[in-house]
Each structure stands twice: as structure tokens, then as C-alpha cells.
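Engineer: The structure follows.
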Amino acid sequence: MHKHFSSAHRYPRNSPHAAGRVVALALIANGEVKPSEWAALESQQVHEQLGLTRQEWHEVVGDLYVDLASAARSLAGGLVDQQVIAQVLADIDDPTLQRRVIGLCMAVIHADRQLDDGESAVLRTAIDRWDLHPEDQEVIEPLLYGRDFQVMPRGTGWC
338 MHKHFSSAHR
348 YPRNSPHAAG
358 RVVALALIAN
368 GEVKPSEWAA
378 LESQQVHEQL
388 GLTRQEWHEV
398 VGDLYVDLAS
408 AARSLAGGLV
418 DQQVIAQVLA
428 DIDDPTLQRR
438 VIGLCMAVIH
448 ADRQLDDGES
458 AVLRTAIDRW
468 DLHPEDQEVI
478 EPLLYGRDFQ
488 VMPRGTGWC
């Protein structure tokens with residue numbers, strides 16, 4: 338039986354805090370925050386891009402740590418459970434905000450020039466749950482599946 342991820346810190350749908358929570362999830366999805374990843378977000382003024390103060394951004398990251406620590410299955414093996422990722426992503430359904438958030442998540446991933454399993458899980462779940470812009474798909478899918486992967490627009494079929 339799976340325990341449902343219950344966040345003590347809930348934010349309004351499509352709010353700056355909910356968007357920050359998704360970026361924070363990409364930041365810590367592999368169980369650690371690498372200095373290069375944090376620096377990349379700071380250099381891009383992540384808090385301003387999300388409509389948060391620097392203090393609010395730090396609080397969103399800290400609150401996510403607390404929520405994940407309270408859900409034992411969330412960090413099994415240091416990685417965040419896919420169901421938890423889906424719940425966090427569900428708080429963003431505005432396509433414009435999704436695009437901004439996925440761009441910031443990509444900045445996290447590119448910062449250390451490697452795609453960790455936790456980061457991959459966040460991106461794969463975003464592809465599955467969000468209706469991403471084709472340009473975003475063109476950047477994300479080859480990163481996940483290899484450079485030979487051919488992006489097919491959603492719903493086009495193979496014929």
C-alpha cells in the first residue's frame with residue numbers, strides 16, 4: 338500500500354510558490370543540492386523569475402525538504418518518488434508558467450553537465466503530465482533519450 342504524499346506546505350495553483358516548489362524539486366530530486374546547480378539558479382535570479390523574494394525562494398526550498406523528509410517513501414534511495422513528483426507538478430497547469438518553470442529546471446540540469454536519475458524523473462513526469470511547447474520537447478527529449486531520438490508532436494501517430 339502506497340502512502341499518499343501529504344504536503345504540510347500547500348500553495349495556490351499556479352502561484353509563484355507552487356512554481357518555486359517545482360524548481361526546488363528539480364534541484365533536490367536526486368537527494369542533494371550541488372553548488373553548481375544552486376549557483377546557476379542564483380545567477381538567473383530564480384526568485385525574481387518566479388515572482389518571489391529571495392527569502393520566499395529559500396523558504397520554498399526548505400519547506401519542500403521538510404515535506405519530503407516527513408514522507409519516508411519519497412526519498413527511497415535518495416530519489417523522490419514519481420507519484421510525489423506528479424503531485425508537485427499538478428499545481429502548475431498554466432502553459433506559460435509551465436514553460437518558465439521547465440526552463441529553470443533545465444538550468445539546474447545543465448549546471449553540472451549531467452542528468453541525474455532524480456532530475457530525469459522530474460523531466461519525464463513533466464513530459465507526461467504537462468502539454469509542453471514543441472520547442473521545449475525538442476530540448477528535453479533528446480537529453481532524456483539520446484541525441485538520435487526524434488521528437489514527434491503529441492497525437493500525430495507513426496503513419
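So in the numbering used here the end of the sequence shown lands on 496, straight run, no missing numbers. From the three backbone atoms N, C-alpha and C, an ideal C-beta is built for every residue, glycine too. Predicted, not measured: the structure shown is a model, and the values here were computed from it.
Please state whether DSSP places G357 in a helix, a strand or coil.
Structural biologist: In the three-state reduction of the DSSP assignment, G357 falls in the helix class.
Engineer: Please identify the residue among A361, P471, V425 whose C-alpha is closest to the C-alpha of W394.
Structural biologist: A361
Engineer: Are the CB atoms of L441 and L387 nearer to each other than 9 Å?
Structural biologist: yes
Engineer: Go through its chain and collect everything with a Cβ distance to S411's Cβ below 7 Å, but skip five positions before and after it.
Structural biologist: Caution is warranted here: a pLDDT of 48 is assigned to S411, below 50, making its placement in the model unreliable, and the coordinate value is therefore given only provisionally. Cβ neighbours of S411 beyond the five flanking positions: F342, L405, V417, D418, V421.
Engineer: Out of R391, H346, I429, point me to the one whose CA is closest to S352's CA.
Structural biologist: I429
Engineer: Just the C-alpha distance for P349 and Y482, rounded to the nearest angstrom, thanks.
Structural biologist: Rounded to the nearest angstrom, the two C-alpha atoms are 33 Å apart.
Engineer: I believe V425 touches R358 by the beta-carbon criterion, under 8 Å. Please report the beta-carbon distance rounded to the nearest angstrom.
Structural biologist: Indeed they touch by this definition, with Cβ atoms about 6 Å apart.
Engineer: Under DSSP, the alpha helix (DSSP H) around I439 begins and ends at which residues?
Structural biologist: 432-448
Engineer: Buried or exposed for A435, going by 16 or more other Cβ atoms inside 10 Å?
Structural biologist: A small correction: the amino acid at residue 435 is Gln; Ala does not occupy that position in the sequence shown. It is buried - the Cβ of Q435 has at least 16 other Cβ atoms within 10 Å.
Engineer: Counting along the chain, where does the alpha helix (DSSP H) carrying A458 start and finish?
Structural biologist: 454-466
Engineer: Which residue comes first and which comes last in the alpha helix (DSSP H) that contains E396?
Structural biologist: 391-407
Engineer: What do you get for V403, buried or exposed, if any count of 16 or more other CB atoms within 10 angstroms of its CB means buried?
Structural biologist: exposed
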